[in-house]
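First residue of the sequence shown: -13, per the numbering used here; consecutive thereafter.
C-beta atoms are modelled at their ideal positions from N, C-alpha and C, and glycine is treated no differently.
Computed from a predicted structure; not experimentally measured.
Heads up: the structure comes next, in structure tokens.
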Amino acid sequence: MYCMKKQDQTTFDIVVIGGGPAGLAFAKAVSGQGLSIAIVEPAPRAVLEKPSYDGREIALTHFSKKTMSELGFFDHITADQVSMIKKAHVVNGDSPYALKFDHREAGEETLGYMVSNQNIRRSSFAAVQGADDITLLDERRVDDLTSDASGARVTLDDGQVLSARLVVGADGRFSQSRRKMGIACDMLEWGRTCLVGVMEHDGAHDDTAYECFHYDRTLAVLPLNNGLVSVVITLPSEEAQDVLDMDPAAFAADIEARFEGRVGAMRLTQKLHAYPLVCNYAKSFYAPRFALLGDAAVGMHPVTAHGYNLGLRGAHTLAQEVIQMARTGGDIGSSLPLRHYNRAHNIICKPIYLGTNTVVKLYTDQRKPAKIARKTLLHLGNVLKPARDMITRQLTESHVA
Ligand SMILES: Cc1cc2nc3c(=O)[nH]c(=O)nc-3n(C[C@H](O)[C@H](O)[C@H](O)COP(=O)(O)OP(=O)(O)OC[C@H]3O[C@@H](n4cnc5c(N)ncnc54)[C@H](O)[C@@H]3O)c2cc1C
């Protein structure tokens, strides 16, 4: 059964702008509550059903794994498509010293899970496909968006006008809906680019994730199944094209050397994908009859692997507020549930956003005081148990699962 039966319907309880991971998670979370939901997405349905591989291997917390299971996403993901991160090592410069985390210390089977963004997108869409209260308006964009106390109106690029009690903007970092609703946003252009790719290796990775802060570049090597690792290189944007143009064998030799042969000989299995790094934080996550979600609200630097995890957390929080309001017969687009969401989601996101950006600045600063500070921090991290416990809790989110 497909969810696109009512293409001519123009009045909905909720219109979700953007059928990416955050928008789909929210739509699924509020489905089955007697609400009518529309998703507006520029990509055609065939692309949503079979998204192409984009190089991103997403590290998931325990909370995300649990939420995705409850939403039915894991019904469409095989065990082989999930790998585990049992240990994490943070390495600074050329030093052999590492800040280490271990799943046994956290009392968990694993610190986190890895699933490709392709499988997250595919499984999220598969989960909403069967819902007859969700209407997909694909191959369409939002041209205009207005709201007042009586309701919200969404004008699509084919001239169709949708009315809704609540509109959710989940249209990514450069969100047009955020702009149209007049919500200011801090944008941080790092002048750096993230290159991601999958590599085969001859040695064992021991389910260990490595974050290596070298002086000019950072290199993350994340464990996947079947003798593969995900490689994430962050470097100044002006150097990215040279790396993309490298002969695959020369690239593999370079990574192997930078990674000091920890997983033996390495080979690139497919082309690298490039993501220029821009982070963003919206000044408010709501406006009248409107809520911001996912990267449209908070676009994270990938180094701490929080973007999708926070998007899912936001989808969960907003859905809870909306469902509670609907059950008591209240107005789901009124300011009360939106203010609660705004407050709760800011409390979660702000420290993580600011903390991540501080770490990125410290670990890409090549001046001597910064080098000494990060060396000291790694040592302190290893010896101060409360600090280790706090970082582990944030890595795993097992306390909220
Ligand atoms: C290299 C890299 C590694 C990452 N690793 C991790 C990780 O390990 N862990 C983690 O948690 N996160 C990670 N992330 C972050 C994660 O990928 C994102 O946070 C997540 O994909 C954001 O989902 P979203 O739905 O908010 O936005 P998007 O994925 O950007 O989706 C937005 C959707 O809106 C649609 N859209 C755009 N404009 C319009 C419009 N005008 N009208 C309607 N629809 C529109 C788009 O077509 C798209 O489908 C990583 C990101 C990168 C770049």
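With 16 other Cβ atoms within 10 Å as the buried cut-off, status of residue i
i, result
"ILE23", "buried"
"ALA466", "The shown model of the chain, from -13 to 387, leaves out residue 466, and the question about it has no answer."
"LYS72", "buried"
"ALA138", "buried"
"SER136", "exposed"
"ALA65", "exposed"
"ALA305", "buried"
"ALA13", "buried"
"ALA32", "exposed"
"LEU10", "buried"
"ALA190", "exposed"
"THR350", "buried"
"ARG353", "exposed"
"ARG299", "buried"
Among the options, the one whose alpha carbon lies nearest that of residue i
i, options, result
"ALA150", "ARG325, ILE333, GLY319", "GLY319"
"THR194", "GLY213, THR179, ARG178, PHE111", "GLY213"
"ARG178", "GLN146, VAL264, LEU97, PRO7", "VAL264"
"VAL289", "ILE338, SER55, ALA113", "ILE338"
"LEU174", "ASN266, ARG244, LEU208, ILE241", "ASN266"
"ARG248", "ASP202, SER109, GLY155, HIS187", "HIS187"
"SER102", "PRO37, ASP61, LYS86, LEU322", "PRO37"
"HIS292", "MET311, ARG325, ILE334, SER321", "ILE334"
"LEU324", "ASP233, ALA117, ASP228, SER270", "SER270"
"GLY297", "SER17, THR53, LEU131", "THR53"
"ALA268", "THR303, ASP202, SER161", "SER161"
"ASP143", "PHE59, ASP129, THR64, GLY93", "ASP129"
"ILE169", "GLY6, ASN328, GLY5, GLY4", "ASN328"
"VAL153", "GLU95, GLU27, ILE0", "ILE0"
"LEU97", "LEU221, LEU348, PRO209", "PRO209"
"ALA273", "THR132, VAL76, HIS191", "THR132"
"GLY145", "ARG127, ARG159, HIS191", "ARG127"
"LEU34", "ILE106, LEU57, GLY58", "ILE106"
"ARG159", "LEU348, LYS336, MET286", "MET286"
"ARG108", "PHE60, VAL140, GLU91", "PHE60"
"HIS326", "GLU307, THR314, GLY315, ASP317", "GLU307"
"SER55", "VAL229, SER110, ASP233, GLY316", "SER110"
Nearest-angstrom beta carbon gap, residue j and residue i [assumed within contact, 8 Å]
i, j, result
"ALA15", "ALA301", "6 Å"
"HIS62", "ALA8", "With a Cβ gap of about 18 Å, HIS62 and ALA8 do not count as contacting."
"PHE(-2)", "LEU148", "6 Å"
"TYR39", "MET70", "The pair is not a contact, with the Cβ atoms about 21 Å apart (cut-off 8 Å)."
"GLU197", "VAL76", "5 Å"
"LEU2", "ALA236", "The residue asked about is misnamed: residue 2 is Val in this sequence, not Leu. Not confirmed; about 45 Å, so no contact."
Own chain residues within Cβ distance below 7 Å of residue i, not counting five before or after
i, result
"ALA226", "THR179, LEU181, ALA260"
"GLU242", "ALA251, MET252"
"ASP172", "ASN266, TYR267"
"ALA84", "HIS75, VAL76, VAL77"
"PRO262", "THR179, SER223"
"ASP134", "PRO274"
Sequence-distant residues of its chain with Cβ nearer than 6 Å to residue i (five each side left out)
i, result
"ASP88", "LYS73"
"GLN19", "ILE309, ALA312"
"PRO30", "ASP124, GLU125"
"LYS51", "TYR99"
"GLU27", "GLY5, ASP124"
"ALA330", "THR303"
"TYR294", "PRO7, ILE44"
"TYR204", "Note that residue 204 corresponds to Thr in the displayed sequence, not to Tyr. Within the same chain, THR204 has close Cβ partners THR220."
"VAL68", "TYR99, VAL101"
"THR141", "ASP129, ASP130, VAL147"
"ARG244", "LEU205"
Check: residue i C-beta below 8 Å from any heavy atom of ligand 3
i, result
"CYS180", "Inclusion of ligand 3 in the displayed structure is not the case, the ligand content consisting of ligand 1 alone."
Cβ shell of residue i (< 8 Å), same chain only, five flanking positions each side left out
i, result
"GLY183", "GLY41, SER216, VAL217, LEU254, THR255, GLN256, LYS257, LEU258, HIS259"
"SER17", "ILE23, VAL114, ALA117, ASP119, ILE120"
"GLY58", "LYS14, ALA113"
"ASN332", "PHE271"
"LEU230", "LEU181, LEU258, ALA260"
Short CB-CB distance (under 9 Å) between residue i and chain B
i, result
"LEU148", "In the structure shown, chain B cannot be found, because there is only a single protein chain."
Quiz item: So does the region 44 to 55 actually touch the region 334 to 346, counting three or more Cβ pairs closer than 8 Å?
Solution: Segment contact: the region 44 to 55 against the region 334 to 346, fewer than three CB-CB distances shorter than 8 Å; contact not assigned.
Quiz prompt | Three CB pairs or more closer than 8 Å across the region 150 to 166 and the region 197 to 216 | solution = Touching, no.
Practice problem: Could you tell me whether the region 237 to 257 touches the region 273 to 292, where touching means 3 or more Cβ pairs closer than 8 Å? | Solution: Contact fails: fewer than three Cβ-Cβ distances are below 8 Å.
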